[in-house]
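Shown next, in structure tokens, is the structure this report addresses.
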Amino acid sequence: MDNIYNVLLINPPIALEVYSEKLHDFWLITPPYSLLVLAASIIKIGANVKVLDADADMLSDEEIVSISMKFKPKYIGFTVMTPSVYLVKRICSKIKKKLPDVKIILGGVHATALPFELMNELQDADYLIKGEANEILTKLIKSNDKIENLSNIEGLLYRNQKKDIIANKGQGFIDDINKLPMPAWDIIDLNKYRAYRLLMWNKQYVKPYAPIFTSWGCPGTCSFCSNRLMHGNKVRFRDPEKVLEEIDYLVQKCNVKSICIQDDSFTIKKNHTYEICHGLINRKYDISLMCQSRADTIDEDMINLFKKAGFTWISFGIESGSQKILDQANKKLTKKILYNTVLLTHKSGLNTHLNFIVGLPGENSNTIKETIDFAKQLKSVSYGFSFATPFPGTKLWDFAAKNSINLTTNWNYYDWVNYPPQSLNKNITSSDLKKFRKRIIRKVIISPSYIFRIIQKFGIKIFLKFFIVDGIKVFSKFILK
Ligand code: B12
Ligand code: SF4
Numbered sequence: 019m020d021n022i023y024n025v026l027l028i029n030p031p032i033a034l035e036v037y038s039e040k041l042h043d044f045w046l047i048t049p050p051y052s053l054l055v056l057a058a059s060i061i062k063i064g065a066n067v068k069v070l071d072a073d074a075d076m077l078s079d080e081e082i083v084s085i086s087m088k089f090k091p092k093y094i095g096f097t098v099m100t101p102s103v104y105l106v107k108r109i110c111s112k113i114k115k116k117l118p119d120v121k122i123i124l125g126g127v128h129a130t131a132l133p134f135e136l137m138n139e140l141q142d143a144d145y146l147i148k149g150e151a152n153e154i155l156t157k158l159i160k161s162n163d164k165i166e167n168l169s170n171i172e173g174l175l176y177r178n179q180k181k182d183i184i185a186n187k188g189q190g191f192i193d194d195i196n197k198l199p200m201p202a203w204d205i206i207d208l209n210k211y212r213a214y215r216l217l218m219w220n221k222q223y224v225k226p227y228a229p230i231f232t233s234w235g236c237p238g239t240c241s242f243c244s245n246r247l248m249h250g251n252k253v254r255f256r257d258p259e260k261v262l263e264e265i266d267y268l269v270q271k272c273n274v275k276s277i278c279i280q281d282d283s284f285t286i287k288k289n290h291t292y293e294i295c296h297g298l299i300n301r302k303y304d305i306s307l308m309c310q311s312r313a314d315t316i317d318e319d320m321i322n323l324f325k326k327a328g329f330t331w332i333s334f335g336i337e338s339g340s341q342k343i344l345d346q347a348n349k350k351l352t353k354k355i356l357y358n359t360v361l362l363t364h365k366s367g368l369n370t371h372l373n374f375i376v377g378l379p380g381e382n383s384n385t386i387k388e389t390i391d392f393a394k395q396l397k398s399v400s401y402g403f404s405f406a407t408p409f410p411g412t413k414l415w416d417f418a419a420k421n422s423i424n425l426t427t428n429w430n431y432y433d434w435v436n437y438p439p440q441s442l443n444k445n446i447t448s449s450d451l452k453k454f455r456k457r458i459i460r461k462v463i464i465s466p467s468y469i470f471r472i473i474q475k476f477g478i479k480i481f482l483k484f485f486i487v488d489g490i491k492v493f494s495k496f497i498l499k
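Counting in the working numbering, the sequence shown runs from 19 upward without gaps.
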């Protein structure tokens with residue numbers, strides 16, 4: 019490419035708005051992986067890229083504008099999730115006032131789910147890219163913003179001279195993810211990223227922290243999940259050699275101490291998982307590893323291999339203690355499988371983090387009781403209880419429309435942390451849902467058996483530090499209010 023364009027990719031400062039400064043110190047701070055993957059692709063064609071992690075750096079709008087002005091970008095890209103729509107809108111408008119010629123590009127999950135609506139809502143945005151954006155962004159940067167070039171780029175939305183929104187057909191989807199370069203780890207400082215302190219109480223392994231992906235996509239069809247919309251059902255695997263090379267880079271060059279394999283399920287293709295685990299065993303790195311798995315794709319041999327390879331945690335989506343709700347959510351898993359897998363994981367000495375969802379269609383006080391009983395039976399040391407949130411593009415969103423459930427159009431509410439939940443069950447109110455969640459937490463976590471388990475496993479010092487000091491902060495701000 020002849021011109022070297024400055025491209026600024028911004029991760030919006032969500033944490034500051036949602037969790038506040040006080041709790042920022044406590045939360046997971048994860049590198050903006052999506053932006054680093056995009057950065058690597060456009061660096062290859064000569065772009066001069068800066069990734070501004072306004073989230074990790076807790077930047078104010080003014081600081082973001084000032085950094086943008088200094089960098090003099092031709093393009094500024096934002097990743098947009100549903101609850102960050104208004105935040106991105108506000109920042110775009112402030113940037114455009116100071117830099118009227120800059121071209122603003124939107125991408126990410128919400129941009130893919132409701133592209134036309136988002137371009138309408140964010141009048142300061144010039145472009146929007148649907149789906150996996152690497153190739154499309156490369157074409158856009160090469161297009162020189164000429165309309166005749168733009169009209170040929172599939173998956174792109176832009177504005178014509180009359181400012182009408184033009185939506186090209188298609189959506190970005192990368193068939194061979196092995197062709198992508200390694201994320202541009204060298205353009206950020208990994209020292210500022212760290213794993214959830216609650217999961218990594220051994221200080222030595224908290225940071226630097228990095229997520230990696232060994233595959234994109236998930237064959238699952240769960241009603242509450244946005245991943246299918248973004249990455250499709252066809253799972254694409256990275257060559258294990260490339261994955262191990264990336265881990266080598268992160269450990270040897272960036273001194274990373276904690277890695278989360280963030281695939282939707284790291285265990286769906288046995289050979290792939292085994293090859294990576296054997297590579298890790300040979301390397302003997304002193305790091306902490308965790309991954310996410312679907313309970314029906316992992317067995318005792320694999321769990322034992324994880325243990326040998328240095329994994330300390332596996333995260334499972336359990337969702338509910340009611341088989342009826344699991345079936346209705348299209349989880350395609352039985353409670354028996356979930357129970358046996360979690361048990362096997364604990365037997366091997368690995369810890370589990372178990373995710374549950376409160377308020378899925380079919381929820382009532384009986385199913386809540388089933389969830390409480392099941393969560394207790396599973397005897398984990400870490401649980402997450404979020405509210406069922408009907409994100410655009412999910413089957414829950416369609417369910418609400420089909421059942422005439424009025425959903426709010428305020429995107430801030432599509433966040434299971436800070437706002438009252440929306441009910442998907444006609445006879446249950448938002449305040450019932452909050453009560454249900456409190457009940458679950460009280461019975462499962464603030465219970466003598468849980469406290470005993472934690473002290474037995476991690477000792478009284480860890481219990482006091484993480485579960486009393488930090489726990490009270492989190493509980494009082496979000497969970498019990
Ligand atoms: C890591 C992660 C986070 C991290 C950091 C996210 C970040 N900014 O990097 C944290 C913990 C902060 C987070 C928070 C939340 N998350 Co989250 N998260 C993820 C996760 C697990 C991985 C993201 C990732 O790196 N993917 C890998 C990359 C390669 O894919 P990608 O992100 O889709 O990026 C590609 C495209 O989207 C596009 N793209 C992305 N950004 C941009 C920007 C531009 C300019 C362009 C052109 C293109 C583009 O190109 C990329 C490369 O091809 C995904 C699940 C998943 N598997 O993707 C959920 C996911 C994105 N999160 C989700 C949710 C629900 C949330 C929360 C709402 C949870 C909550 N608290 O209620 C919050 C939202 C915070 C907020 N207020 O905006 C949903 C999205 C729902 C939605 N419609 O918004 C997902 C899809 C999970 C799911 N199974 O449904 N999340
Ligand atoms: S919830 Fe997990 S298993 Fe279900 S579709 Fe999403 S990523 Fe796949």
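For glycine and all other residues, C-beta sits at the position ideal for the given N, C-alpha and C.
| request: Could you pull out every residue in the same chain whose Cβ sits closer than 7 angstroms to the Cβ of asparagine 430, ignoring the five residues on either side in sequence? | output: Taking the sequence shown and counting its residues from 1, the one referred to as residue 430 is at position 412. Hits under 7 angstroms: Pro101, Tyr104 and Tyr437.
| said: Any heavy atom of the ligand B12 closer than 7 angstroms to the beta-carbon of glutamate 150? | reply: Reading the sequence shown from its first residue, position 132 is the one you call residue 150. Answer for glutamate 150: yes, Cβ within range of the ligand B12.
| query | Just how far apart, CA to CA, sit proline 410 and aspartate 416? | reply | Position 392 of the sequence shown, counting from 1, holds the residue named residue 410. Position 398 of the sequence shown, counting from 1, holds the residue named residue 416. Rounded to the nearest angstrom, the two C-alpha atoms are 8 angstroms apart.
| said: Closer than 7 angstroms to a non-hydrogen atom of the ligand B12 - does that hold for the CB of phenylalanine 134? | reply: Within the sequence shown, residue 134 is the residue found at index 116, counting from 1. Phenylalanine 134: no, Cβ never under 7 angstroms from the ligand B12.
| Rounded to a whole number of angstroms, what is the C-alpha to C-alpha distance between lysine 210 and isoleucine 423? | On the sequence shown, position 192 is the one that residue 210 refers to. On the sequence shown, position 405 is the one that residue 423 refers to. Using only the alpha carbons, I get a separation of about 42 angstroms.
| Hey, quick one: how far does the alpha helix (DSSP H) through tyrosine 104 stretch, first residue to last? | Reading the sequence shown from its first residue, position 86 is the one you call residue 104. Note, tyrosine 104: alpha helix (DSSP H), 103-116.
| query | Name the DSSP bridge partner or partners of leucine 351? | reply | Counting from 1 along the sequence shown, the entry for residue 351 is found at position 333. In DSSP, leucine 351 forms no bridge with anything.
| request: Check leucine 17 in the structure and name its three-state DSSP category. | output: Limits of the chain in this structure are 19 at one end and 499 at the other, which puts residue 17 out of reach.
| Across which residues does DSSP place phenylalanine 89 in a beta bridge pair? | Walking along the sequence shown from the start, residue 89 turns up at place 71. Looking at the DSSP assignment, phenylalanine 89 forms no beta bridge with any residue, so it has no partner.
| query | When you compare only the Cα positions, how much space is there between lysine 114 and valine 120? | reply | In the sequence shown, counting from the first residue as 1, residue 114 sits at position 96. In the sequence shown, counting from the first residue as 1, residue 120 sits at position 102. Taking the straight line from one Cα to the other gives about 7 angstroms.
| task | Would you check if the distance between the CB atom of tyrosine 51 and the CB atom of proline 229 is smaller than 8 angstroms? | result | As a working mapping, residue 51 is identified with position 33 in the sequence shown. As a working mapping, residue 229 is identified with position 211 in the sequence shown. Yes; because the gap between Cβ atoms is below 8 angstroms, this pair is in contact.
| message | Since lysine 252 and glycine 235 should fall inside the 8 angstroms C-beta cutoff, what is the C-beta to C-beta distance between them, to a whole number of angstroms? | response | Against the sequence shown, residue 252 aligns to sequence position 234. Against the sequence shown, residue 235 aligns to sequence position 217. With 8 angstroms as the limit, lysine 252 and glycine 235 qualify as a contact, their Cβ atoms being about 6 angstroms apart.
| request: Give a yes or no on whether the C-beta atoms belonging to lysine 302 and proline 226 are separated by under 8 angstroms. | output: Your numbering for residue 302 matches position 284 in the sequence shown. Your numbering for residue 226 matches position 208 in the sequence shown. It is not a contact, given that the beta carbons lie outside the stated cut-off.
| task | Determine the direct distance from the alpha carbon of alanine 72 to that of serine 84, and round the result to whole angstroms. | result | In the sequence shown, residue 84 corresponds to position 66, counting from 1. In the sequence shown, residue 72 corresponds to position 54, counting from 1. Distance between the alpha carbons of serine 84 and alanine 72: 12 angstroms.
| message | Since leucine 155 and isoleucine 28 should fall inside the 8 angstroms C-beta cutoff, what is the C-beta to C-beta distance between them, to a whole number of angstroms? | response | Here the question's residue 155 lines up with position 137 in the sequence shown. Here the question's residue 28 lines up with position 10 in the sequence shown. So it is not a contact: roughly 14 angstroms between Cβ atoms.
| Given isoleucine 299 as reference, the closest of Lys326, Arg312 and Thr48 once Cα atoms are compared | As a working mapping, residue 299 is identified with position 281 in the sequence shown. Nearest C-alpha to isoleucine 299: Lys326.
| field | Continuous beta strand (DSSP E) stretch holding tryptophan 203: start and end | value | Locating residue 203 in the sequence shown gives position 185, counting from the first residue. First-last for tryptophan 203: undefined, no H or E at that position.
| request: Using the Cα positions of serine 169 and leucine 175, report the straight-line distance between them to the nearest angstrom. | output: On the sequence shown, residue 169 is found 151 positions in, with the first residue counted as 1. On the sequence shown, residue 175 is found 157 positions in, with the first residue counted as 1. Each residue's Cα considered, the two are about 9 angstroms apart.
| Hey, which unbroken runs of the alpha helix (DSSP H) at 4 residues or more fall wholly within the stretch 449-478? | 466-476
| query | Where do the ends of the beta strand (DSSP E) carrying leucine 26 lie? | reply | Position 8 of the sequence shown, counting from 1, holds the residue named residue 26. Here the beta strand (DSSP E) through leucine 26 covers 24-29.
| query | With a Cβ-Cβ cutoff of 8 angstroms, do alanine 185 and proline 133 count as a contact? | reply | The residue you call residue 185 lines up with position 167 of the sequence shown. The residue you call residue 133 lines up with position 115 of the sequence shown. Closer than 8 angstroms, so yes.
| Since tryptophan 234 sits in a beta bridge, which residues does DSSP pair it with? | Stepping through the sequence shown from its first residue, residue 234 is reached at position 216. Answer is Arg254, bridged to tryptophan 234.
| task | Assign tyrosine 267 to one of three DSSP states: helix, strand, or coil. | result | One-based indexing of the sequence shown puts residue 267 at position 249. Tyrosine 267: helix per DSSP, three-state reduction.
| request: Give me the Cβ distance between methionine 248 and threonine 291, rounded to the nearest whole Å; I'm assuming they're in contact under 8 angstroms. | output: Within the sequence shown, the letter at position 230 stands for residue 248. Within the sequence shown, the letter at position 273 stands for residue 291. Not really, about 22 angstroms apart at Cβ, beyond 8 angstroms.
| query | Is there contact here, the stretch 272-288 with the stretch 302-317, by at least three beta-carbon pairs under 8 angstroms? | reply | yes
| query | Just to confirm, does threonine 250 get its C-beta within under 7 angstroms of one of the non-hydrogen atoms of the ligand SF4? | reply | Reading the sequence shown from its first residue, position 232 is the one you call residue 250. Reading off the sequence, residue 250 comes out as glycine, not threonine. Answer for glycine 250: no, Cβ out of range of the ligand SF4.
| message | Quick test of the definition: if touching needs 3 or more C-beta pairs under 8 angstroms, does the stretch 366-375 touch the stretch 330-342? | response | yes
| field | the stretch 65-79 touching the stretch 191-205, judged by at least three CB pairs closer than 8 angstroms | value | yes
| query | If you follow the beta strand (DSSP E) that tyrosine 176 is part of, which residue opens it and which one closes it? | reply | By 1-based counting over the sequence shown, the position of residue 176 is 158. That run of the beta strand (DSSP E) goes 174-177.
| field | Delimiting residues of the alpha helix (DSSP H) encompassing methionine 320 | value | As a working note, residue 320 is residue 302 in the sequence shown. Methionine 320 -> alpha helix (DSSP H) spans 318-327.
| field | Buried/exposed call for glutamine 8, threshold 16 Cβ in 10 Å | value | Absent from the structure is residue 8, since the part of the chain shown begins at 19 and ends at 499.
| said: Under DSSP, the alpha helix (DSSP H) around threonine 389 begins and ends at which residues? | reply: Indexing the sequence shown from 1 puts residue 389 at position 371. Taken as a continuous stretch (DSSP letters only), the alpha helix (DSSP H) holding threonine 389 covers 383-396.
| task | To the nearest angstrom, report how far apart isoleucine 122 and threonine 285 are at their CA atoms. | result | For this step, residue 122 is matched to residue 104 along the sequence shown. For this step, residue 285 is matched to residue 267 along the sequence shown. Whole-angstrom Cα-Cα distance: 38 angstroms.
| Whose C-alpha, out of Ala419, Thr48 and Asn428, is nearest the C-alpha of valine 224? | Walking along the sequence shown from the start, residue 224 turns up at place 206. When each option's Cα is compared against that of valine 224, the closest is Thr48.
| message | Could you tell me the alpha carbon to alpha carbon distance between tryptophan 45 and serine 400, rounded to whole angstroms? | response | In the sequence shown, counting from the first residue as 1, residue 45 sits at position 27. In the sequence shown, counting from the first residue as 1, residue 400 sits at position 382. Roughly 15 angstroms separates the two Cα atoms.
| field | Buried or exposed by the 16-neighbour rule on C-beta atoms within 10 Å, applied to phenylalanine 470 | value | Taking the sequence shown and counting its residues from 1, the one referred to as residue 470 is at position 452. By the neighbour-count rule (16 or more Cβ atoms within 10 Å), phenylalanine 470 is not buried but exposed.
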